[in-house]
Structure formats: C-alpha cells, structure tokens
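Residue numbers (our numbering), protein chains in the order written: chain A, 1 to 121; chain B, 1 to 329.
The beta-carbon is built from N, C-alpha and C at its ideal position, and this holds for glycine as well.
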Amino acid sequence: MSSLYERIGGQAAVDKAVEIFYRKVLSDDRINRFFDGVDMDQQINKQKGFLTMVFGGPNEYTGKDMREGHKHLVANGLNDSHVDAVIENLGNTLSELGVATEDIQEVADIANSVRDDVLNR
Amino acid sequence: MPHIVYKENRIELNEGQTVLSALLEHSHEIPNSCRAGVCQSCLMQASDGTVPEHAQDGLKDTLKSQGYFLACICKPAEPLHIIDSKNIHQRYTARVINHEFINDDILRLRLKTEQTFDYHAGQFINLWMNKKVMRSYSLASVDKLDDFLELHIRRVPDGLVSNWLCDEISSVDSLQIQTATGDCFYVPGSPSQKLLLAGTGTGLAPLIGIARDALSQGHQGEIHLIHGARHKDDLYMHQTLGNLAKKYKQFYYHTNVLIPDNGAQTGSPVPLDLQLQKVAGDDIAESKFYLCGDADIVKKLKTKMFLAGASMKNIYSDPFIIAAHGVNT
Numbered sequence: 001m002s003s004l005y006e007r008i009g010g011q012a013a014v015d016k017a018v019e020i021f022y023r024k025v026l027s028d029d030r031i032n033r034f035f036d037g038v039d040m041d042q043q044i045n046k047q048k049g050f051l052t053m054v055f056g057g058p059n060e061y062t063g064k065d066m067r068e069g070h071k072h073l074v075a076n077g078l079n080d081s082h083v084d085a086v087i088e089n090l091g092n093t094l095s096e097l098g099v100a101t102e103d104i105q106e107v108a109d110i111a112n113s114v115r116d117d118v119l120n121r
Numbered sequence: 001m002p003h004i005v006y007k008e009n010r011i012e013l014n015e016g017q018t019v020l021s022a023l024l025e026h027s028h029e030i031p032n033s034c035r036a037g038v039c040q041s042c043l044m045q046a047s048d049g050t051v052p053e054h055a056q057d058g059l060k061d062t063l064k065s066q067g068y069f070l071a072c073i074c075k076p077a078e079p080l081h082i083i084d085s086k087n088i089h090q091r092y093t094a095r096v097i098n099h100e101f102i103n104d105d106i107l108r109l110r111l112k113t114e115q116t117f118d119y120h121a122g123q124f125i126n127l128w129m130n131k132k133v134m135r136s137y138s139l140a141s142v143d144k145l146d147d148f149l150e151l152h153i154r155r156v157p158d159g160l161v162s163n164w165l166c167d168e169i170s171s172v173d174s175l176q177i178q179t180a181t182g183d184c185f186y187v188p189g190s191p192s193q194k195l196l197l198a199g200t201g202t203g204l205a206p207l208i209g210i211a212r213d214a215l216s217q218g219h220q221g222e223i224h225l226i227h228g229a230r231h232k233d234d235l236y237m238h239q240t241l242g243n244l245a246k247k248y249k250q251f252y253y254h255t256n257v258l259i260p261d262n263g264a265q266t267g268s269p270v271p272l273d274l275q276l277q278k279v280a281g282d283d284i285a286e287s288k289f290y291l292c293g294d295a296d297i298v299k300k301l302k303t304k305m306f307l308a309g310a311s312m313k314n315i316y317s318d319p320f321i322i323a324a325h326g327v328n329t
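If you want it as structure tokens, here you go:
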C-alpha cells in the first residue's frame with residue numbers, strides 16, 4: 001500500500017499544485033486580506049511547505065511553528081471560517097489535478113489536524 | 001569523502017551528510033527551518049566547485065546561475081567552497097566618465113572601475129555618498145557590450161544622494177560602489193521564450209540592459225518592453241528604443257502614458273497591468289516577466305500577472321524603494 005504522498009505524486013505534485021492553490025487563495029475575497037503585504041516569493045515557499053505537510057510528505061513543522069506563524073493573523077480575526085475556506089480551496093485544487101476523492105479527504109483530515117494550532121487555541 | 005570550505009575552515013563531510021548538517025555540527029550558525037529543501041531559509045552560495053543539481057531544486061534560474069543552493073539538501077560529490085548568500089560586500093572605486101542630464105530630472109552617470117567589475121545587466125549596485133550614506137541604483141549598461149557602468153538617477157525632491165549626484169559630482173570625481181546584486185537579469189537557455197519587460201520611470205534602466213543583453217545573446221522569442229510614464233516628456237531614451245525596435249524584428253517597444261497631452265485627450269489610458277497582460281496574450285503561462293521601478297506598481301503588476309496565469313518562477317522584479325527622510329543620515 002503506497003503512502004498518501006506517493007499516491008498524490010510527491011514533490012512534483014506539490015510543485016504543480018502550489019501555484020493553482022495560491023492563485024485560488026489570492027482570488028478568494030473571504031481570505032485574501034490575510035495575504036496583503038506578504039512577499040509573494042516567500043509565500044510560495046511557505047505554501048509549498050504547507051502542501052508537502054498536508055500531502056503527508058516529509059516536513060519538520062511543529063505545533064509551535066504553526067502557532068507562531070499565525071499568531072498575528074489570529075489577532076487580526078483569523079477564525080474557523082477562514083480555515084474552512086483554505087481547506088475548500090485546497091480540495092478544489094486537488095480535484096482539478098485529478099486526485100481521488102478519498103485522498104482529498106485524507107489531505108483535508110491532515111489540514112484539520114493542525115486547525116487548533118493555527119488558530120492558537 | 002568530499003570536503004567543504006566555509007569561512008576559511010575546511011570541513012570533512014561524512015557519507016551522505018548535507019552541507020547544512022556539517023556546518024551546524026561545526027558550530028556555524030546557519031539559518032534553517034524545514035530541512036527538506038522547501039523553505040529556502042538555508043540559501044547559500046558556492047564560490048568554487050560544482051553544486052549538485054538537486055540542491056538547486058525550486059530556485060530561480062538567476063540564482064542557479066550564480067551558484068546559489070539549499071544547504072539542507074546539498075550533498076556535494078566534490079569539494080565545495082561556500083559563502084553566505086549575503087556575504088558580498090567588496091567595494092570598488094569608480095571614476096565618473098560621463099555626467100549628463102537625459103531630461104529635466106534624470107541624470108545619466110557613466111562610471112569606470114580600475115578593477116574588473118562583474119555583473120549581469122539588470123542587477124543593481126550600492127553607491128556610497130560617504131561612510132554612512134548609501135543608495136541602490138540599477139545598472140542600465142550591459143557587461144559584454146559596454147566598457148562602462150551606466151546608471152539613471154532620478155532627482156528625488158529633497159533626496160540627499162540624488163541631489164548630491166546631480167549637482168555636486170562632476171566627471172572627474174571618484175565614487176565608492178559595491179558588488180552588483182539582484183536576481184532580475186537575463187539567463188540564456190530558452191531562446192524562443194517570450195520576454196515581457198515593464199517598468200515605470202527609471203525602472204527603464206535595468207530593462208534596457210536586460211533587453212540589450214538578451215538580444216546580444218541571440219534571444220529569438222519576442223521581447224516586449226513597456227515603459228510607463230506620467231507624462232509624454234517622462235519617456236526618456238525614446239529614440240534609442242525606437243531604433244532598437246527597427247534593428248531587431250523580435251523587439252517591440254511600447255509606451256504607457258498616464259496623463260495624455262492637453263488637447264489630445266483620448267479618454268482614460270489603458271492601465272499598465274492590462275496592457276502588459278494583453279501583450280503577454282495566450283503565452284502568459286510560459287512567458288518570462290521583468291518588472292522594475294516604483295515598488296507599489298511592481299508589486300501590483302506581479303500579483304496581477306500571477307493571477308492572470310504567469311508562473312512565479314518566471315516573474316523577476318526590481319522594486320525601487322525611495323529612502324525615507326532621516327534614514328542613513
């Protein structure tokens with residue numbers, strides 16, 4: 001049985017997905033204000049890290065990183081509805097790339113597993 | 001086993017060890033985070049030796065060509081000399097050989113260094129007014145074509161350094177400059193790719209350099225240069241660019257004037273981003289963009305082009321930031 005990361009397509013899939021995903025996020029009026037003023041090149045790298053993690057790939061992210069990285073956003077009103085929007089964009093990106101529904105669900109589960117850390121609660 | 005050299009220390013690598021792990025083991029403080037070649041916080045530069053291809057995964061072509069790599073995924077097969085990516089502070093003395101106003105508020109400054117000065121057309125240099133005050137200016141010259149460095153300096157109202165350069169420097173003086181940096185330059189290898197160059201004001205300086213560099217290296221794909229200006233009079237080097245377009249069939253020169261001449265009102269002009277997107281056309285996903293000039297405009301163009309389908313790895317930019325009053329003084 002291959003791993004989720006292998007089934008999705010590993011690093012190549014991350015590279016393919018990252019721009020589609022980031023475009024969706026920046027076009028989504030529910031959440032794009034949280035990305036005002038960020039450096040787009042740096043952000044693409046962070047998004048790659050995020051996708052690698054939720055695809056079940058190698059990563060060294062810790063709950064502490066998640067908390068630190070989103071603290072200022074939580075202070076600016078980041079809540080469950082925004083996390084939902086991100087996961088929705090993630091799901092749409094993956095279905096565009098032809099990823100199986102069950103695998104998309106598994107990705108969403110991993111994303112949900114860091115929800116409390118992201119929202120600092 | 002191969003070794004690395006960093007800050008004059010020779011470090012032997014263990015079997016399969018990464019450069020990052022070896023440096024950390026020897027108590028060097030190297031910024032790092034993901035250790036998976038993703039976050040790019042451990043970006044370093046090789047000054048000598050061959051960087052394994054894999055260690056440059058995800059980096060822009062301009063960084064690759066300068067020997068940048070990610071230390072956390074770099075397992076060199078041969079000895080590698082490494083420097084911090086920002087450890088490039090060599091100073092040069094440059095003689096002013098030409099000091100001429102191109103239009104009312106733009107000075108063309110041509111400099112010559114005694115020592116060889118390596119750069120890529122489109123990069124920028126730091127120029128020192130004195131020990132404390134420095135400003136960055138983009139190069140308008142091309143290393144392989146011109147035997148001088150050319151800068152276009154806009155006189156900033158109340159600007160400390162620009163007014164000094166405009167009024168107090170003449171063609172006999174020497175200036176202190178620093179190694180050229182920046183990743184906004186032409187890299188050969190995709191001769192048929194469409195290149196889209198857009199900039200405002202003296203953002204034209206690096207763009208002219210990039211265009212001439214690409215043409216001289218045999219670039220065959222279309223090269224479009226759009227110069228954005230407030231008024232028609234702000235379009236400088238208009239003639240030069242027109243001539244370049246006549247000489248090379250693949251080079252196109254466009255202008256974008258914000259405020260039309262009185263009496264010739266043709267309704268509101270097309271915004272720069274829409275003009276750029278139109279010129280890019282259906283090839284936008286494969287085209288390469290060079291965006292230079294006013295920082296806010298560059299940022300806006302970058303976002304718009306990305307959302308319109310351009311790939312981030314194909315967007316190079318050189319945002320100009322005007323020094324705040326009181327900074328560096």
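Chain-ordered neighbours of residue i on chain B, where CB pairs are closer than 9 Å
| i | result |
| --- | --- |
| M40(A) | K299, K302, T303, F306, M312 and I315 |
| R67(A) | Near R67(A) there are no residues of chain B at all, since even the closest Cβ is about 15 Å away, more than 9 Å. |
| S3(A) | Per Cβ cutoff of 9 Å: no residues; S3(A) is ~15 Å from chain B at best. |
| R23(A) | F306, L307 and G309 |
| L26(A) | T303, F306 and L307 |
| T52(A) | C34, A36 and V38 |
Beta-carbon contacts of residue i that lie in its chain and below 6 Å, excluding the five residues immediately before and after
| i | result |
| --- | --- |
| T52(A) | V14 and N59 |
| C166(B) | L107 and R155 |
| I83(B) | Q45 and S47 |
| S287(B) | K194, L196 and A280 |
| A205(B) | S138, A140 and H152 |
| A111(A) | V54 and I87 |
| H81(B) | V5, S47, D48 and G49 |
Opposing strand residues paired with residue i [DSSP bridges]
| i | result |
| --- | --- |
| Q11(A) | DSSP output for Q11(A) lists no bridge partner at all. |
| Y316(B) | Y290(B) |
| D48(B) | H81(B) |
| V96(B) | L111(B) |
| I106(B) | N103(B) and R154(B) |
| S138(B) | F124(B) |
| Y252(B) | H224(B) |
| I4(B) | I11(B) and L80(B) |
| F91(B) | Correcting the residue type first, residue 91(B) is Arg in the shown sequence and not Phe. According to DSSP, which records beta bridges pairwise, R91(B) is partnered with Q178(B). |
| F69(B) | M44(B) |
With 16 other Cβ atoms within 10 Å as the buried cut-off, status of residue i
| i | result |
| --- | --- |
| R121(A) | exposed |
| H54(B) | exposed |
| R35(B) | buried |
| N87(B) | Unreliable placement is indicated for N87(B), whose pLDDT of 49 sits below 50; the coordinate value is still reported in the next sentence. Per the 10 Å Cβ criterion, exposed. |
| K71(A) | exposed |
| G230(B) | For clarity, residue 230(B) is Arg in the given sequence; the question names Gly instead. Its Cβ having fewer than 16 others within 10 Å, R230(B) is exposed. |
| F101(B) | exposed |
| G228(B) | buried |
| D147(B) | exposed |
| G201(B) | buried |
| Q90(B) | exposed |
| K60(B) | buried |
| A77(B) | exposed |
| G37(B) | buried |
| E68(A) | exposed |
| E8(B) | exposed |
7 Å CB neighbourhood of residue i in its chain, flanking five on each side removed
| i | result |
| --- | --- |
| P31(B) | S41 and C42 |
| Y248(B) | L215 |
| N89(A) | F21, K24, V25 and D28 |
| S398(B) | With chain B covering only 1 through 329, there is no way to say anything about residue 398(B). |
| L24(B) | I30 |
| V18(A) | I44, Q47, K48 and L51 |
| Y119(B) | L139, D143 and A180 |
Other residues of its chain near residue i: CB distance less than 8 Å, five sequence neighbours each side excluded
| i | result |
| --- | --- |
| M1(B) | E12, L13, N14 and E15 |
| D294(B) | T200, G201, G203, P319 and F320 |
Per-residue contacts from residue i into chain B (C-beta, under 7 Å)
| i | result |
| --- | --- |
| E6(A) | Correct list: empty, because the minimum Cβ distance to chain B is about 16 Å. |
| K48(A) | V38 |
| T93(A) | Neighbours of T93(A) on chain B: none; closest Cβ ~15 Å, over 7 Å. |
| L90(A) | Chain B residues near L90(A): none, gap ~17 Å exceeds 7 Å. |
| L97(A) | Here the premise fails: no neighbours, minimum Cβ distance about 15 Å. |
Contacts of residue i in chain A (Cβ-Cβ under 7 Å)
| i | result |
| --- | --- |
| Q40(B) | N45 |
| C34(B) | G49, N59 and E60 |
Chain B residues whose Cβ lies nearer than 8 Å to that of residue i
| i | result |
| --- | --- |
| R30(A) | The contacting residues do not exist; R30(A) stays about 16 Å from chain B at best. |
| E19(A) | F306, S311 and M312 |
*Could you tell me which uninterrupted beta strand (DSSP E) segments, each at least 3 residues in length, are contained entirely in the stretch 12-49 of chain B, listed from first to last along the chain?*
43-48
_Threshold first: 3 residues or longer. Then list the beta strand (DSSP E) segments lying entirely within the stretch 142-197 of chain B, N to C._
149-154 and 174-178
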